[in-house]
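Reading through the structure tokens given below for one structure.
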Ligand SMILES: Cc1ncc(COP(=O)(O)O)c(C=O)c1O
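In this note's numbering, the protein residues as written are 266 to 653.
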């Protein structure tokens, strides 16, 4: 993997000011090419999950490389169209019904109904195509923690799997075919689940005779900290291929695969640069805290999920100390060094001995950081973004 150059990051922090997200063109391109070259027996279409990071330069770069897109709201789909992405490259799968469905369909956007109500709304839309996709909750979920699992009985995403027959009956009555099955079980899943996940998806596809494309969603994990395992996309692709071939041998149906990675594609390609604006402690039995000029308003992942990110104080100190790193928001929970998957737990970090004014870098912040920011909280202006 391409590494960040600390001297360059320090320079950027000085010239650009902090807080600032820096995104690497080279890292995104490298990962995109790997996905675009994945060999699957009946073809593969990688779609970038735009919600992960909707910076226009990221979209333009991926569009230029030939990537397709997964939008999670009709507003995201519209943003993509406004940036010049053609509708045929966009798949829309949203919790909320689209505010502009006729326009999106006219432009060629591929629609995924995620409930019976959305299927009914689609059917009633004038000028709609006669084929549609259906998102199904397969009854199993996987994710970094419960808050990013999107399968299973505790998740509202997709049509519950036992209602598939009802959906098929409905579309048949109205002359519509469901030609694409969409499943996404969560983000940050352990790499070992993918075979089981594909088997569950194929069991559902077998009951849907018109399905020719299977969208297996995203959720491919990256290593950010500790013992987290990076998904090996080549190995996962090979496993998917084997199972799709088995399905073809059994049913005669050659399914084209779609995948929707956000994290795997762009996660490593972002770093958040901040300034240490204060250092305080809570006595000999307490902690030493590094207070930053950023926090949960720019970087909500630790607070939301207890996610852990590698950090570095960008100075030349040879000594290290244990610190708890906190954000600038007036919230006790604005802790950036949380315990694994526990937003309430604290895990101090050994970092280079720091002084007020030093730059602190938070790595692997390319996704679900700026795009998930808590706009306006404490009226902090929010981090800037630089694409290099
Ligand atoms: C439908 C869908 N596809 C793809 C993704 C991307 O997931 P990840 O960034 O973990 O790859 C998500 C994330 O929530 C999603 O909901």
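Every residue gets a Cβ at the ideal spot worked out from N, C-alpha and C, and that includes glycine.
Cα separation between residue 517 and residue 479?
Locating residue 517 in the chain shown gives position 252, where the first residue counts as 1. Locating residue 479 in the chain shown gives position 214, where the first residue counts as 1. Between residue 517 and residue 479, the C-alpha separation is close to 15 Å.
Report all residues from its chain with a CB closer than 6 Å to the CB of residue 679; omit the five preceding and five following residues, and keep chain order.
Since the first and last residues shown for the chain are 266 and 653, residue 679 lies out of range.
With burial defined as no fewer than 16 other Cβ atoms inside 10 Å of the residue's Cβ, what is the status of residue 323: buried or exposed?
The sequence position of residue 323 within the chain shown is 58, counting from 1. Burial call: buried.
What residue from 512, 526, 344, 652 has the CA that sits closest to residue 476's CA?
The count along the chain shown starts at 1 and reaches residue 476 at position 211. When each option's Cα is compared against that of residue 476, the closest is 512.
Residue 468, buried or exposed, once every other Cβ within 10 Å from all chains shown has been counted against 16:
If you number the chain shown from 1, residue 468 lands on position 203. Burial call: exposed.
Residue 565 Cβ short of 7 Å to ligand 1 heavy atom set:
Numbered from 1 along the chain shown, position 300 holds the residue referred to as residue 565. The answer is no for residue 565.
Flag residue 459 as yes when its Cβ comes closer than 7 Å to any non-hydrogen atom of ligand 1, and as no otherwise.
Within the chain shown, the letter at position 194 stands for residue 459. Result no, Cβ not under 7 Å from ligand 1.
Look at the Cβ atom of residue 649, then the Cβ atom of residue 310, and state whether they are nearer than 8 Å.
The sequence position of residue 649 within the chain shown is 384, counting from 1. The sequence position of residue 310 within the chain shown is 45, counting from 1. In this structure, residue 310 does not lie closer than 8 Å to residue 649 by Cβ.
Is residue 631 near ligand 1, going by C-beta to nearest heavy atom under 7 Å?
Counting from one through the chain shown, the residue named residue 631 turns up at place 366. No, ligand 1 has no heavy atom inside 7 Å of this Cβ.
Who are the near neighbours of residue 338 in its chain, counting only those whose CB is closer than 6 Å to its CB and skipping five residues on each side?
The count along the chain shown starts at 1 and reaches residue 338 at position 73. So the list reads 359, once near-sequence residues are dropped.
Give a single yes or no on whether residue 311 has its beta carbon closer than 7 Å to a heavy atom of ligand 1.
Locating residue 311 in the chain shown gives position 46, where the first residue counts as 1. Incorrect: residue 311 has no Cβ contact closer than 7 Å to ligand 1.
What is the DSSP secondary structure of residue 269, reduced to helix, strand or coil?
Residue mapping note: residue 269 aligns to position 4 of the chain shown, counting from 1. Reduced to three states, the DSSP call for residue 269 is coil.
Using a Cβ-Cβ cut-off of 7 Å (strictly less than) and excluding sequence neighbours within five positions of residue 380, which residues of its own chain qualify?
Here residue 380 is taken as the residue at index 115 of the chain shown, counted from 1. The answer, listed in chain order, is 424.
Counted within 10 angstroms of its Cβ, other Cβ atoms place residue 528 as buried (16 or more) or exposed:
As a first step, residue 528 is located in the chain shown; it is residue number 263 there, counting from the start. Residue 528 should be labelled buried.
Alpha carbon to alpha carbon, how far is residue 385 from residue 398?
For the purposes of this step, residue 385 is taken as residue 120 along the chain shown, with counting starting at 1. For the purposes of this step, residue 398 is taken as residue 133 along the chain shown, with counting starting at 1. Roughly 13 Å between the two C-alpha positions.
Residue 348 beta carbon less than 8 Å from that of residue 498:
Walking along the chain shown from the start, residue 498 turns up at place 233. Walking along the chain shown from the start, residue 348 turns up at place 83. Taking 8 Å as the Cβ cut-off, residue 498 and residue 348 do not qualify as a contacting pair.
Heavy atom of ligand 1 less than 7 Å from the Cβ of residue 529, yes or no?
Here the question's residue 529 lines up with position 264 in the chain shown. Answer for residue 529: yes, Cβ within range of ligand 1.
Kindly list the residues whose CB is nearer than 7 Å to the CB of residue 345, restricted to its own chain and excluding five residues on each side of it in sequence; keep chain order.
Here residue 345 is taken as the residue at index 80 of the chain shown, counted from 1. Around residue 345: 315, 324, 334, 336, 355.
To which residues of the same chain is residue 429 closer than 7 Å at the C-beta, ignoring the five residues directly before and after it?
Here residue 429 refers to the residue found at position 164 when the chain shown is read from its first residue. The answer, listed in chain order, is 401, 469, 472, 473.
Which class does residue 473 belong to by DSSP, given the choice of helix, strand or coil?
Your numbering for residue 473 matches position 208 in the chain shown. If DSSP states are grouped into helix, strand and coil, residue 473 belongs with coil.
Suppose contacts are defined by Cβ-Cβ distances below 8 Å. Is residue 626 in contact with residue 579 by that definition?
To locate residue 626, count along the chain shown from 1; it is residue 361. To locate residue 579, count along the chain shown from 1; it is residue 314. Yes, the pair counts as a contact, with Cβ atoms nearer than the cut-off.
Can you grab the Cα-Cα spacing for the pair residue 290 / residue 581, in whole Å?
Start at 1 with the first residue of the chain shown, and residue 290 comes out as number 25. Start at 1 with the first residue of the chain shown, and residue 581 comes out as number 316. Their backbone Cα atoms lie some 27 Å apart in a straight line.
Does ligand 1 have even one heavy atom less than 7 Å from the beta-carbon of residue 337?
Here residue 337 refers to the residue found at position 72 when the chain shown is read from its first residue. Result yes, Cβ under 7 Å from ligand 1.
Option nearest residue 553 by Cα separation, candidates 534, 537, 628, 586:
Position 288 of the chain shown holds residue 553. Among 534, 537, 628, 586, the Cα nearest to that of residue 553 is on 586.
Straight-line gap, residue 607 to residue 568 (C-alpha atoms, nearest Å):
Along the chain shown, one-based indexing puts residue 607 at 342. Along the chain shown, one-based indexing puts residue 568 at 303. Cα to Cα, residue 607 sits roughly 9 Å from residue 568.
Quick one: does residue 272 have its CB under 8 Å from some CB of chain B?
Considering every chain present, this structure includes no chain B. It has just one protein chain.
Quick one: residues in its chain with C-beta nearer than 6 Å to the C-beta of residue 632, no 5 flanking neighbours on either side, listed in chain order?
Numbered from 1 along the chain shown, position 367 holds the residue referred to as residue 632. 317, 318, 527, 528, 531, 532.
Between 279, 394, 495, which has its C-alpha nearest residue 353's C-alpha?
In the chain shown, residue 353 corresponds to position 88, counting from 1. Of the candidates 279, 394, 495, the one whose C-alpha sits nearest the C-alpha of residue 353 is 394.
For the beta strand (DSSP E) containing residue 447, list its first residue and its last residue.
As a working mapping, residue 447 is identified with position 182 in the chain shown. First-last of the beta strand (DSSP E) with residue 447: 442-447.
Is residue 447 buried or exposed, if buried means 16 or more other CB atoms sit within 10 Å of its CB?
Residue mapping note: residue 447 aligns to position 182 of the chain shown, counting from 1. By the 10 Å Cβ count, residue 447 comes out buried.
Apart from the five residues just before and just after residue 508, which ones in its own chain have a Cβ nearer than 6 Å to its Cβ?
For the purposes of this step, residue 508 is taken as residue 243 along the chain shown, with counting starting at 1. Taken in chain order, the residues that qualify are 463.
Under the three-state DSSP convention, the category residue 623 falls into
Counted from its first residue, the chain shown places residue 623 at position 358. If DSSP states are grouped into helix, strand and coil, residue 623 belongs with coil.
Proximity to residue 328 [Cα-Cα], best of 302, 303, 294
The residue labelled residue 328 in the question sits at position 63 within the chain shown. Checked all of 302, 303, 294; the closest Cα to residue 328 is 294.
With a CB to CB cut of under 6 Å and the five nearest residues on each side skipped, what residues in its chain are close to residue 525?
Within the chain shown, the letter at position 260 stands for residue 525. Within the same chain, residue 525 has close Cβ partners 312, 314, 335, 482, 483.
Among 624, 451, 639, which residue has its Cα nearest to the Cα of residue 280?
In the chain shown, the residue the question calls residue 280 occupies position 15. When each option's Cα is compared against that of residue 280, the closest is 624.
With distances taken from CA atoms, which of 550, 598, 540, 551 is nearest residue 565?
To locate residue 565, count along the chain shown from 1; it is residue 300. Nearest option by C-alpha distance: 598.
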